[in-house]
Structure formats: structure tokens, C-alpha cells
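Below you'll find the structure, written out as C-alpha cells, and then a few comments.
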Amino acid sequence: MQAKGSRAPSLRALPFLFIVAALLGLLPLLHSHGLQPNPMLASEPPHHYPAVISGSEPGDFTAAPHDVSQEIRPLPNRTSPGHVKYRKAFPVLGIDYTHVRIPFEISLWILLACLMKLGFHVIPSVSNIVPESCLLIVVGLLVGGLIKGVGESPPILKSDIFFLFLLPPIILDAGYFLPLRQFTENLGTILIFAVVGTLWNAFFLGGLMYAVCQISGTGLSHIGLLANLLFGSIISAVDPVAVLAVFEEIHINELLHILVFGESLLNDAVTVVLYHLFEEFANFEQVTVTDIILGFLSFFVVSLGGVFVGVIYGVIAAFTSRFTSHIRVIEPLFVFLYSYMAYLSAELFHLSGIMALIASGVVMRPYVEANISHKSHTTIKYFLKMWSSVSETLIFIFLGVSTVAGQHYWNWTFIISTLIFCLIARVLGVLGLTWFINKFRIVKLTPKDQFIIAYGGLRGAIAFSLGYLLDYEHFGMRDMFLTAIITVIFFTVFVQGMTIRPLVDLLAVKKKQETKRSINEEIHTQFLDHLLTGIEDICGHYGHHHWKDKLNRFNKKYVKKCLIAGERSKEPQLIAFYHKMEMKQAIELVESGGLGKIPSAISTVSMQNINPKALPVKRILPALSKNKEEEIRKILRNNLQKTRQRINNYLTVPAHKLDSPTMSRARIGSDPLAYEPKSDSGNLPIITIDPASPQSPESVDLVNEELKGTSCLPPSPEEDEEGLVMHVMEPSSPGTDNVFTPGASDSPSNQRMMRCLSDPGPQPEPEEGEPFIPKGK
Amino acid sequence: MGCQSSHPSAIPELEEIMQETGFSQASVVRLYDRFQALDKQQKGYLSKYDLQGIGELAVNPLGERIINAFFKEGEELTNFRSFIRVLAHFRPVEEGKSKETGRPEPMNSRLRKLQFAFQLYDQDSDGKISRDEMLQVLRLMVGIQVTEEQLACIAERTIQEADQDGDGAISFEEFATSVEKLNIEQRMSLRLLK
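Chains as they are written, first to last, in this note's numbering: chain A, 8 to 784; chain B, 1151 to 1344.
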């Protein structure tokens, strides 16, 4: 590992160098064609923000490629009028860079971003001290510097690229996997921080900056109040990307995480409204009361409208997923597309796109997850993580590059005072609001919590992009604003981002608890929910629990029926949770190789049980050595006798198969005897097919011990042998759910056997349970 | 809630109640109003029938058990003092109130809350939640769609997860351990009952 580690950085460096060299090498090539090396073309002005700025972009890209590409296409037979026709040799090998230019450069940038991410993790020492976001910005600075050094102008993070392509994946990832329980429990707090906090920040900062600008001698007195307020509103919003990037690494406890993160998400509505407001007002001569009232109103429209749009799309997505059982492969695409459409639709109407995205993710998730296959679920999860990760990396890199590329105007007074007032505003805001909020909270926020919340108010790329959208016409001081914004971003990300980890350790803030949710917790949580609802009803109080309970009931009664396909609409939450847990554990067990101590046969066997489709015979036999095979056969033969006897005692009627996927899925772990008595137990091939149960007492004990050791599986005997039978047995006559044995579920002999089987008997003997896994029907 | 507020002097044993439960006078008055509103025949006592008249409790899976928790073993009626004693468990925990050694454990402490919840599980009061009791609770919460075996499986699993001393049942300590992460102080508190 050591050698590999030492070699790897140098190895890794090679691709970096290659990338950078490629980039640089191509630039002169492009330059010679009169193109600017900007991979980000603004195809059309963004709808979200006023389109007045499209004309003023440095360098008109929309026109350039078309002309030039026509110009340089090497059509051998093309004759321009007046030229003598000449015959070229047929080009065996040619270069047509312009043909692939845009995708090529985009891919190059993304590749660079990913390689950077890789590199940081290969060199762990650095990434322990410096958060990844800082490193990425530095890389961006370097790359930007390199490009500038070559004489090209580096690309700037264009706002519409940012808002339309880079931001949505991150927000969707956040929204889809939002821990809903904590979010709703703290919703009041989060809303107050997001709305009131941001407003306070904006006005406080704007006002103070205006005062600063009025001080004579700074040369800033031309900046009006509205411009300052606009600046304040841009810089005051806590940025979800930056918060995510930094907080992910420090593993802080869930309450603080959701408070800061929730605030960063929900303040988008406020930011949008304030931005538009002040931008419009800056054009007006006078601001009347009507305008202010309209502004106030627009806040509600923007936020609630955004949520409404999100909910609509979420419901449609959930409904669509109900019918996708036949085309499983495109299921993830529905989730992505509907969410993205929600975002775009909200942006279309100047509503809050972020809130729409969050709302759609939150609404669609429970229903979609009930409908889609397990693989689709995994796909969605990993695609979202992948996209958001890449987006985040790109954003930070481009922040660095844009810093180098942009025109800056440095004014000491303005920028330093911005920085100071930002910090002061944040601290005061958090302190004041917490004092107010603590009156209503059951679990109060301690000063430590307040410090972290204040310290975690990071600014990021959203502020930059919003600043970038300002046009020169109305805001001549745009460059100064941008410089100030970048300074604040750098300060918060570098200084606060780097120091927050040691501070968290120093203050001994509670960290996130890593353990998984157990079924106990789930049961007790639901139990307490019901209990509290009951107590609230007795007190006659319509509180938090009461409404939640009503919502749940409504959901169960009407909504689930519409949006979830088939039987699962009736599945209680507890059962769904149980399934998920069992599946996870089964997969973990296999992946971790937790059965390592046990003869390899058994682990192979467990694996094969997870994947029932694999032809068992082919899998098992080659894997076993002769001795093992013999051993297993002997063991099986012995135990078979005993099992046969028991079967003869208890069984009378052919087994009823399970009646629904739900029920059969519920058999996970509860399925010791999913056999059919018809199957000829004496048939050795069958036995070799599923030597699911380690038949010898020793191996049984080994299994049990091993499994007891790993807390994954319960040591209940009948469950571990087959390593959790996963596959679905064909549905059969509905109404009979009897797994264990054929016959009526209530017959006493069945019950006796059930109990017998579920009882960890004194000898290992009754445990073998399962030589008769249905062989991949 | 009653349409007119009762005068504090009308409440019997007001001082003792405030002392015992830690409620403020306003809360006690409010709860007394509620008590009287529930007590439709003005008996001064509540019977199970009165509590069952609350509509929402009827659809609550744990409705029966909650109602029974208000009544002592074998009794059919409960007076205001017992009524409010039960509700005292759900008072929010005060921050910063250090454990004064002289005083008895306050009724809304984490321990007491857990004990109350444990009692609701442990119907036969043997100090343990047996598999059957767990099964009953599961059956109540989950409804009718789930089969017996599934539930048995889940109950089994639950017991095994929590059971540390291997006796096949969950004792109070094991119960407390398994809900450690659940932030009981917040979950089992009603802001209303300050």
C-alpha cells in the first residue's frame, strides 16, 4: 500500500499534465482560427433573469462558431468564386477540430475536474486539513493562471450554464435525499433563519455599505442606496453548494446540518425576490409604497409558487412510475427529467427553481421508491451522487478560473468593509433569531450550536453568478461588486471552511452518529408518534402530531392508492422498512465477505442465494474442491434424514405458493422451509444445488457464531442458512400466505412447527431448515 | 376546551398538583378546563367511556392502551389529579435544571418518560416486553394486511436486536438503550404543556 501510495501521486500527475498540456496545446490552434477558447456557449439568454445583459457579454459567441465553422470546413470540392479549381489529394488523415470542439472541451473540463477529485483523495494528508472545495478553487486559479499565461482569456463561469446545468443536480441530490423527518421537525426554525435571517443580512449589509459609500474620500459616493441593497441581497444568501461541500466533511450532528443546509436551500426564494426587486427598482426614479407591497407579495408568490410547481411535477412523476413495471430501464430517467422540468418550469415563471426542485424530490420520493425496482433505485442514487459531485467540482474550479479571468476593480474600503459587515451581520442575525426561536423550541439551541450556525454561513457560487448577471448599463460598479463577492466567497470558503473542522473538535460539538437505523428505533418512533398523537387528542390540542397524523392517514387512504402500483400501496411503512433493512444486510453480508471464516462453499452458496437466477449446479460444482464436496454431501445426507422425518410428520398437503410479491418479499429471513414436499428430497443433485445449510453441527455453529458476531443477521437459525432467500416465489392462490407449510395457516401442527423452527433449539439439529430452496423456478 | 376558564380556586389541590407535576398555574387551569369538558356528566371523575368519546382516539392504533394508562389497575374512574399526573410526563424538559439531589425525580424527566412508554408496551407489568407483547403492539400498529408470520419475524428480530442478556424479552434497561438515539426529550414532549 505504501509503495502504491507513493507511486500513485506521480502517476496521477501524469494525466493532469496531459490534460493541461492538451488544453494549452489546443489553444493556439483555436486561436489561429479566430475562436475564443470558451467551451461554455450561451445559447440563449437565460429566462430567469432579465435578458438585458445578453448584448454585453464579452465576445459574442453565438455568432462566432457558425461563421467560422463554415469558413474552415475543409470541403475539398468547394470552390469560392474567382478561385482557380485545383485538385487536392484525397485526405487520408485530417484534423477537424471544430467539429468536435464543444463536446471535446466540455469533456476535457469535466475530466480535469474528476481527476482533480481523484488526486486529492490519493494524497490524504492535504485533504485532511484543507477541505476539498478550497483545493478545487486553487486548482481553478492555477488553471486559469496557466491559460492566461499562454495569452488566452480563460473561460468564465457563465450564469446560465451555472443555473441551468451545474446547480440543478446538486439541489436535486439534496432534495431527493433530504432527511424529511428532521427537516419537518425543525421547519419553523429553518424558515425563520432562511427568511428573516436573509432579509436582515441583506438590509443590514446594504444599509451599512451605503453609509460607507457616503463617506467622502472613498470615491464610492456614486453608488446609490438601491445598488447597495442589491449588492447586499446578492451577498447575503448562504450558499447550499458551499455548505454541502464543507459540512459533508465534518460530519456534524444532524440537527445542525439540517438547520444550516435547510436555510441555504430555502433562502433561494428570498434571494430571488430581493434580487429582482432591487434590480427593477434601480431603474425606477422613485420607490413607492405600492412597489414595496408588491415586492412583499411577490415573495409569497415566488416561494409558494415554486413549491406548488414542484409538487405538481412530483405527483406526475409518482404517477408515471406506477406504470413503469414493464420498462424498468428508463425508470431513473423519469425521476431526473420530471425534476429538471420542475426546475425549468419554475425558472420560466420567475419562481424559485430551487424550491420547486426540492418539493418535487420530496413529494415523489416515497411513491417512486415504492414503485421502482431495486436496481433503478440504486441507479438513481448513484447518478444523482455522481452528477452532483461533478457539478460541485466544476463549480469550484470555475470559481477559481473566473477569478483569474474576470476584470477586477479593487477598492480597499468597499471590500474590507463588506467582509467585516458580512460577518457581523451573520453573527448578530443568528444570535437575535436564536433568542427568539428558543422561546418556541422544545430542544433549545445552545450557544455552541449558534456559533456553528453562524460560522457555517458560507457564501458561494450562487452569489457570484448573480453578481455576474448584473449589467454594466445600470450597474457600472459591477466589477467592484464582483471583486467584493469573490473576496467574500474566498474568505468564507477558505478561512471558515478550513477552520471549521478544528473548531468543531475544539468545541466538542456533537458529531453525526454513524450507526444505522435499527428496526427497534423505527418501531419505537412510530409507537411514540401514535402515543403523542393520542395525548394531544386527549388534551384537545391540535398540534404538530395531530396534523402529521392526519396527513399520514390521508396519504394512506387516498394518495398511496393512486400513486403506488399494485399491492405495495397497502404495505405499511414498517414492513417496507423491514424489507429494506433485510435487503441491505444481505447485500452487506455478501460484500463484506463476512463468511470468510467459514468454508468457502457456504459463502459461495450464500452468494448464489442472493442471485437465484444463476444456475446453481454450474456455480457450485467448479468452485468446490473434491474434499469439500464430499464433506458437504455427507453432511447433507445425514441431515436430510432428519429433515425428511420431520417433513413426514408435519406435511400433508402441497405447499401453497405465496400470493404476492409483497408477501414473498416479506419472507425474507422468515423463510426456513420454502420448499415443496413434492420435491424429491432424496435427489442428490438437488441437494448439491442448494447446500444452503451448513449441515454439520460444527459448521452450523460456525455460521451462527459468525453471524452472531456480525450484528447483521439475527442468529435465528432458520434464517441464516440460506443466507436470506431473496427471490420471489410465484404468486399463487391469494389468501393463503402460508410459507412454512402447506395447509391452513392455523392448523396447530403448522403453528407448532413454526414455533419449533423459530425457536433456537438446544441442539443445532432443528436448524438445518432449508435444504429445499426452490431451485430457481 | 371549556368555553369559560375555571378560576384557579375552583381546582382542588392546586398547589400540590403544581408542586408534583411542575406545571404552571395557567397550564393546570387549561387542563382542568379540558378535564371538565371531557367529563360531560359533571361527575368530577372521568370514566373510560368519556375518554373513548374522543373521536381521534378511536382511530389511533394505541388508543385503548393510552386510555388505560390513565386508569389505575382495576379502577374505572380517574380524578383530575391522576389525569394530570399522566400528562405531566409530557411536559418539556427544562434546560439547565440540574439534578438537585434532595428532590425526587421530576415527572417529566427522561427516565419517567421512558418508563411511561415502557408501561404501554408491557401490559402485564412484569418488567419485560415479551415477544407476545411486542407482537401485539406490532399488530396494532401495522394493521390487518400483514400476515402472522411476517409479524412474528419482525417481532423476533426486534427482540433479538434489543435483547442483550439473552432472555428473549426486552427489559427496561434494554429498552432505554435501544431508544438512546431517539431524542426522547423532544419526541415525548408537548410544547403546549409547559
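Glycine residues also receive a C-beta, built at the ideal position from the N, C-alpha and C atoms.
Just so we're clear, the structure is a prediction, and the values are computed from it rather than from any experiment.
The three-state secondary structure of T1228/B, taken from DSSP, is strand.
The region 341-358 of chain A makes no contact with the region 399-418 of chain A, as fewer than three CB pairs between them are under 8 Å.
Remark: fewer than three beta-carbon pairs, one from each stretch, lie closer than 8 Å, so the region 510-525 of chain A and the region 153-163 of chain A are not flagged as touching. In the three-state DSSP reduction, I361/A falls in the helix class (H, G or I). A direct Cα-Cα distance of roughly 53 Å separates N235/A from F534/A. Among the CB atoms of chain A, one or more fall inside 8 Å of the CB of G1213/B. Taking the C-beta atoms as reference points, Y585/A is found nearer than 8 Å to I526/A. Chain order gives the chain B residues near K577/A as Q1295, where near means a beta carbon separation below 8 Å. Taking a 10 Å sphere around the C-beta of S383/A, we find 16 or more other C-beta atoms and assign the residue as buried. Shown here, S166/A sits in a helix according to DSSP, grouped into three states. Residues of the region 521-534 of chain A with a Cβ closer than 8 Å to any Cβ of chain B, in chain order: T522, S525, I526, N527, E528, I530, H531, T532, Q533, F534. Against chain B, the CB of Y585/A has a partner CB under 8 Å away; the residue lies at that interface. Only residues of its own chain outside the window of five on either side were considered, and among them V277 have a CB closer than 6 Å to the CB of V202/A, listed in chain order.
In this structure, S328/A keeps its C-beta atom at 8 Å or more from the C-beta atom of L179/A. Taken through DSSP and simplified to helix, strand or coil, I199/A comes out as helix. Sixteen is the threshold: when 16 or more other Cβ atoms of the shown chains lie within 10 Å of the Cβ of V1179/B, as they do, the residue is buried. Shown here, I582/A sits in a helix according to DSSP, grouped into three states. Near chain B, meaning a CB-to-CB distance below 7 Å, the residues of the region 542-566 of chain A are I542, E543, D544, I545, C546, G547, H548, G550. About 18 Å separates the beta carbons of L227/A and F285/A, which is beyond the 8 Å limit, so they are not a contact pair.
By a beta-carbon distance limit of 8 Å, P186/A contacts I265/A. Their separation comes to about 6 Å. Listed along chain B is no residue with a C-beta nearer than 7 Å to that of I459/A; the closest approach is about 18 Å. I102/A sits in coil when the DSSP states are folded into three classes, being neither helix nor strand. Around the Cβ of V296/A, a 10 Å sphere holds fewer than 16 other Cβ atoms; the residue is exposed.
Using beta-carbon distances, Q1192/B does not count as an interface residue toward chain A, since no partner is under 8 Å. The residue among L1340/B, I1216/B, L1332/B, F1322/B with its C-alpha nearest the C-alpha of I530/A is L1332/B. The Cβ of T191/A sits no closer than 8 Å to any Cβ of chain B. If you check each beta-carbon in the region 1300-1323 of chain B against every beta-carbon of chain A, the ones closer than 8 Å belong to Q1300, A1302, C1303, I1304, E1306, R1307, T1308, Q1310, E1311, A1312. In this structure, DSSP gives I259/A an extended state, which the three-state scheme calls strand. In the DSSP annotation of this structure, the continuous segment of the alpha helix (DSSP H) that includes I387/A starts and ends at 381-412. According to the DSSP assignment, H551/A belongs to the alpha helix (DSSP H) that extends over 551-561. Straight-line measurement puts the Cα of T532/A at about 21 Å from the Cα of L1343/B.
Distances from the CA of Q580/A to each of L262/A, Y374/A, W417/A were compared; the closest alpha carbon is that of Y374/A. Residues of the region 422-456 of chain A with a Cβ closer than 8 Å to any Cβ of chain B, in chain order: F447, I449, V450, K451. At a Cβ-Cβ threshold of 8 Å, L164/A and S472/A count as neighbours. Among the CB atoms of chain A, none fall inside 8 Å of the CB of P1256/B. In the DSSP assignment, K455/A falls within the alpha helix (DSSP H) that extends over 454-462.
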